[in-house]
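Enquirer: In this note's numbering, the protein residues as written are -1 to 226. Beta carbons are placed, not taken as given, at the ideal position from N, Cα and C, and that holds for glycine. Attaching a single structure in structure tokens format; questions to follow.
In structure tokens, the structure reads:
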């Protein structure tokens, strides 16, 4: 072998040796996926789905609609020409004075005193109604005040016996409370005193010769025409 050929051979062997010693480029760390293999996790929706039966977090239009306030205001009492189907009594047989102290009366308050005829009953058996509006104190207390005066009046004009404990009855469409007591207890017919009280008004009535149940029904109908 010539010297030139020998040198070429030696150079080729050296090149092969160097190539074998150079390490390959380091791969990714074991257990760490390459960037090409990473799949991003899905981003959760801002509003989770609603399972059946679970109300939505967004109120419906019906829920957000503001209810209109009912047209309410201070009620008044009036002298009705017809109350509970009964005609207002007029003439010399009706009371000309006030038989019951209505209690403190202030500006803006109205007091009504009226008698109503019942077919077949004498003037002495008229239904006497007393009512007041715009009551400054608890109307239940005003009702009690009127009750006491009406009991005294009834005992002076023909009613007898001790009054029974007042019992509640249906107040009718105007609400509040309606109660009646009788004079005396245990007789039929008896004289009955009924009274109502609500937020601003109070009224009482003496209904002679009846029953508490019938008096309560008639009184609720009279009230519906006297209180406006």
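1. I'd like the list of long-range same chain contacts for residue 128, defined as Cβ closer than 6 Å, with 5 residues on each side in sequence excluded.
2. Which residues does DSSP list as the beta-bridge partners of residue 166?
3. Among 88, 140, 106, which has the Cα closest to the Cα of residue 196?
4. In whole angstroms, what is the alpha-carbon distance linking residue 150 and residue 166?
5. What residues in its chain sit with their C-beta under 7 Å from that of residue 24, if we drop five residues either side in the sequence?
6. Name the two residues that bound the continuous beta strand (DSSP E) containing residue 144.
7. Bridge partners of residue 99, per DSSP?
8. Locate the alpha helix (DSSP H) running through residue 223, then write down its first and last residues.
9. So who's on the other strand from residue 77, going by DSSP bridges?
10. What three-state label does DSSP hand residue 183 in the structure shown?
11. Looking at C-beta atoms only, is the number of pairs between the region 86 to 96 and the region 183 to 191 that lie closer than 8 Å three or more?
12. Please list, in chain order, all residues of the same chain as residue 180 whose beta carbon is under 6 Å from its beta carbon, the five residues on each side excluded.
13. Between which two residues does the beta strand (DSSP E) carrying residue 190 extend?
14. Taking only three categories from DSSP, how would you classify residue 68?
15. Under 9 Å between the Cβ atoms of residue 82 and residue 137?
16. Beta strand (DSSP E) containing residue 110: first to last residue?
17. Do you know offhand how far residue 107's Cα is from residue 84's?
18. Is DSSP giving residue 20 helix, strand or coil here?
19. Taking the Cβ atom as the reference point for each residue, do residue 131 and residue 73 lie within a distance shorter than 9 Å?
20. So what does residue 201 bridge to, in DSSP terms?
21. Give me, in chain order, the residues of the same chain whose beta-carbon lies closer than 7 Å to that of residue 104; leave out the 5 immediate sequence neighbours on both sides.
Expert: Reading it off the structure:
1. 98, 111, 144, 202
2. 177
3. 140
4. 21 Å
5. Confidence at residue 24 is low in this model, with a pLDDT of 42, below 50, so the placement of that residue is unreliable and no value is reported for it.
6. Note, residue 144: premise wrong, no beta strand (DSSP E); alpha helix (DSSP H) at 137 to 154.
7. Answer is none; residue 99 lacks a bridge partner.
8. 210 to 224
9. Residue 77 pairs with nothing; no bridge assigned.
10. coil
11. no
12. 162, 188, 190, 210
13. 188 to 195
14. Residue placement at residue 68 is flagged as unreliable, the pLDDT there being 33, under the threshold of 50; the coordinate-derived value follows with that caveat. Residue 68 falls in the coil class under three-state DSSP.
15. no
16. 109 to 114
17. 25 Å
18. Here the model assigns residue 20 a pLDDT of 42, short of 50, so the residue's position is not dependable and the matter cannot be decided.
19. yes
20. 129, 194
21. 134
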